[in-house]
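Please read the structure below before turning to the comments.
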Amino acid sequence: MSTAHIVALPGFVSIIRIVQLVLTLVILGLIGNTLNGFTGGTGITLGVEPLAFMIFCCVWTLLVNAYLLATPIFLPAAYNMWAHLGLEAIAWIFWLSGWAATASWASLWSAYSEYSGKIYSYWATAAAGAAMGAIMWILYTVTLVFFCLRLHAHRADPNNAHLSGLGLAEKGGETHPMGAVQQHQQQVVYSPSESAPTPVQTYVATPPPQQWQQSPPPQGQQGQY
0 MSTAHIVALP GFVSIIRIVQ LVLTLVILGL IGNTLNGFTG GTGITLGVEP LAFMIFCCVW
60 TLLVNAYLLA TPIFLPAAYN MWAHLGLEAI AWIFWLSGWA ATASWASLWS AYSEYSGKIY
120 SYWATAAAGA AMGAIMWILY TVTLVFFCLR LHAHRADPNN AHLSGLGLAE KGGETHPMGA
180 VQQHQQQVVY SPSESAPTPV QTYVATPPPQ QWQQSPPPQG QQGQY
């Protein structure tokens, strides 16, 4: 299958995605340790939603980055430029919400750290996870901006005007796999000895308009004045 539908990105974007995967594993370890130790050490299970959401962000990132790294190389048929844009934009929103909520949670519990050393270790690891989450959000900002710029250039290229997100060519309201549709303009060529046929004019005869005729008066009234 052709790869013309794949949006080409700079080489450093792939490096950023690998860094994102590494940071995701580190954040997953920090937040997982915080969540497990806090709920098990203090018995408090309320108010830990920011930590659970950060774990969700980590799982989301692992799936999204695996798709963005693998499909352009190994599964080009599964790549879709609009899915790429949506997944990356959602990841950007998730990480913005995740690190902000986790930082707020860590700031709240830092007030109780002077009463318990365990609580200090919990909020400290959560704060570290929130700081790395902010770095993840910045990295997603960079990759999202570069992808939007390259996507605009990709769509503006006249050679890609017939492409859809999955590399399908559109013709007559139908979609066909790339390479299966080739548009040709058929032209009739006449030799010098031949002339192009003249158009045939068709005339339609219309009936003449009907003339108004005066009807004779009734017989009983003839001659009476």
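Quick note: the sequence shown, position 219, residue 218 per numbering that gives the first Met the number 0, numbers continuous. Backbone N, C-alpha and C define an ideal beta-carbon position, used for all residues, glycine too.
One question on the structure: do residue i and residue j come within less than 8 Å of each other, judged by their Cβ atoms?
i: leucine 86; j: tryptophan 136; result: no
i: methionine 80; j: leucine 138; result: no
i: glycine 97; j: phenylalanine 52; result: yes
i: leucine 50; j: threonine 33; result: yes
i: valine 47; j: threonine 38; result: yes
i: glycine 128; j: leucine 29; result: yes
i: leucine 143; j: alanine 88; result: yes
i: isoleucine 26; j: glycine 132; result: yes
i: histidine 153; j: valine 12; result: no
i: leucine 22; j: isoleucine 92; result: no
i: serine 109; j: tryptophan 122; result: yes
i: alanine 126; j: alanine 105; result: yes
i: leucine 67; j: histidine 83; result: yes
Reducing DSSP to helix, strand and coil, say where residue i ends up.
i: histidine 4; result: coil
i: alanine 110; result: coil
Less than 7 Å between the CB of residue i and some heavy atom of the ligand PLP, yes or no?
i: glycine 128; result: Judged by which ligands are present, the structure shown has none, so any question about the ligand PLP falls away.
According to the neighbour-count rule (16 or more other Cβ atoms, all chains shown, within 10 Å of its Cβ), is residue i buried or exposed?
i: arginine 16; result: buried
i: valine 63; result: buried
i: lysine 170; result: Low confidence applies here, because lysine 170 scores a pLDDT of 45, under 50, leaving its location unreliable and the question unanswered by this model.
i: threonine 140; result: exposed
i: isoleucine 14; result: exposed
i: threonine 2; result: exposed
i: leucine 107; result: exposed
i: leucine 74; result: exposed
i: alanine 90; result: buried
Any chance you could list the alpha helix (DSSP H) runs of at least 4 consecutive residues sitting entirely within the region 25 to 104, in chain order?
48 to 69
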